[in-house]
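Here is the structure we will look at, set down as structure tokens.
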Amino acid sequence: MSAFIILGAQWGDEGKGKMTDYLAEGADVVVRFQGGNNAGHTVVVGEKEYKLHLIPSGILYKDKLNVIGNGVVVDPEALFIEMDYLEALGEKITPERLMISDRSQVIMPYHKELDNLYEIARGTNDIGTTKKGIGPCYTDKAERSGIRVCDLLKKDVFKEKLKTSLAMKNDIITKVLGGKALDFDIIYNQYLEYAEKMRPFVKDISVKVFDAIKSGKNVLFEGAQGTLLDIDYGSYPFVTSSNTIAGGVCIGAGIGPTMITNAVGIAKAYTTRVGKGPFPTELNDEVGDWIREKGFEFGVTTGRARRCGWLDLVILKTAARISGLTSFAVTKIDTLAGLEKIKICVGYEFEGSIIDYFPASLEDLASCVPVYEEFDGWDENIAEARSYDELPENAKIYLKKIEEFTGVKVSIVSVGPKRDQTMVLTEI
Ligand code: GDP
Ligand code: IMO
Ligand code: MG
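See below:
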């Protein structure tokens, strides 16, 4: 029996899709437990590249069950677009391959409209959201006016809830935010169609996931976003609206903490972030541009250029602590080849001392000065390396530094986007 978590240790886009696909070979079930189609997970199999947003990255194996957990916010329009996209690539998505929780919250057109209008209203203080309606949908969940998948499947319940919600939302959209009211009939009819298409996929996923773990199957939980986008522990308010850390699994998939056996933090060999907010090791210079071009750091969901900077071990140590990480998988170390010198942040200078944790207050964070250690780089192209021994000495030193500082071992190293560009240092 194993219940295994994969989660982002930084600000998202660490390579979770690739690592989920890689590790899913040994799993029976792959579960998304939070977020929605704000995620953009890339999986490369052979010469084919797949971009997934809502459907778990285990979907490319025909014999695995993929689960969208109750903690996920589901945009039915995006779901069916993704199913069609996969079908066009030869992957027909059937209820044997995909299950959706009856407790998941449904993203409605007014959530997307509000996401957009709130961002405009924030002006220069905007968050830089993906505008997929994620924040407003989670707001309704907490405020208890959300529409769940099980509500959508009951015509009369849905009608009543939509009526109440839309009336309130239209008031906010038109009277507060200066937008245009949305039409009840258009939404109602469209979502009834979605409901019928969705119905065969809908189950009580907590029961399925529990039974799978209890019967000795291997269950993989695929995180979206990353530790510093967590609503509680991230760089608030420049975060997403869900719990991206390991604790989110219990809530978002309905299993107890005692069932979890491993938590692997996916860490990019440098740091990136997309959207606004603080970023202590950001490189606003030619090295940052070089990393962006070499690592092709452009968002999968929005196409935005990602901000790039040096590896920040304060962040990885924080991720290890709050998610109880059992190991790291380090990705994109191949991108760094060619740099003469590489810096790693090993602390923040804050109010006259050195700290090794990420502060809560953005004002405190702004006054933190990263403390760097400088390392010699390597020139060898390591995309073809398949074992630790084939890595250049300086790349090994780099990996050792991560282990030494965080106290967590590096169990996997990824040297390219493809499945086989992966080396396992310690079996997990
Ligand atoms: P996710 O959101 O965490 O799944 O990551 P994204 O898919 O948004 O971004 C990661 C990008 O890096 C994708 O284009 C991957 O194909 C690519 N990638 C993943 N691992 C590696 C690696 O080890 N080396 C290189 N060069 N690219 C990688
Ligand atoms: P994956 O799973 C990187 C960022 C947005 C914005 C903030 C809030 O591919 O790693 P939201 O739309 O969630 O309300 O936006 O979070 N963000 C991501 N950044 N990777 C992601 O997902 C992200 N999902 C959201 O850019 O800064
Ligand atoms: Mg991504």
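When you read off a place in the sequence shown, starting at 1, and then add 69, the result is the number in our numbering. Even glycine gets a Cβ: it sits at the ideal position worked out from N, Cα and C. On a predicted model such as this, the values are computed, not experimentally measured, just so you know.
Opening and closing residue of the beta strand (DSSP E) in which N413 lies: What sits at residue 413 in the sequence shown is Ile, not Asn. Note, I413: beta strand (DSSP E), K410 to F419.
Given G292 as reference, the closest of D425, E442 and G140 once Cα atoms are compared: G140
Residue environment, K230, which counts as buried when at least 16 other CB atoms sit within 10 Å: buried
beta-carbon F365 near ligand 1 non-hydrogen atom, thresh 7 Å: Yes, Cβ of F365 sits closer than 7 Å to a heavy atom of ligand 1.
V369 vs K120 beta-carbon contact at 8 Å: At a Cβ-Cβ threshold of 8 Å, V369 and K120 count as neighbours.
Residues sharing a beta bridge with F367, DSSP: A374
Extent of the continuous alpha helix (DSSP H) to which F149 belongs: Looking at the DSSP string, the run of the alpha helix (DSSP H) that includes F149 is P145 to A157.
Three-pair Cβ contact test at 8 Å for the segment 362-376 versus the segment 296-310: no
Residue span of the beta strand (DSSP E) that contains E291, given as start and end: N287 to E291
Test item: CB-CB of G446 and N463 under 8 Å: Taking C-beta atoms as the reference points, G446 and N463 count as a pair closer than 8 Å.
Ligand 3 site residues, beta-carbon cut 5 Å against heavy atoms: The answer, residue by residue, is D82, G109 and V369.
Option nearest L405 by Cα separation, candidates K266, A452 and T395: A452
G77 versus L235, F444, E188 and A388, residue with shortest Cα-Cα distance: A388
C-beta contact flag for K412 and E362 at 8 Å: no
Opening and closing residue of the beta strand (DSSP E) in which M237 lies: Unbroken run through M237 is the alpha helix (DSSP H), K224 to D240; no beta strand (DSSP E).
Neighbourhood of T475 by C-beta, 6 Å cutoff - its chain only, sequence neighbours within 5 removed: L385, K386 and A389
Buried or exposed (CB count within 10 angstroms, at least 16 for buried), R217: R217 should be labelled buried.
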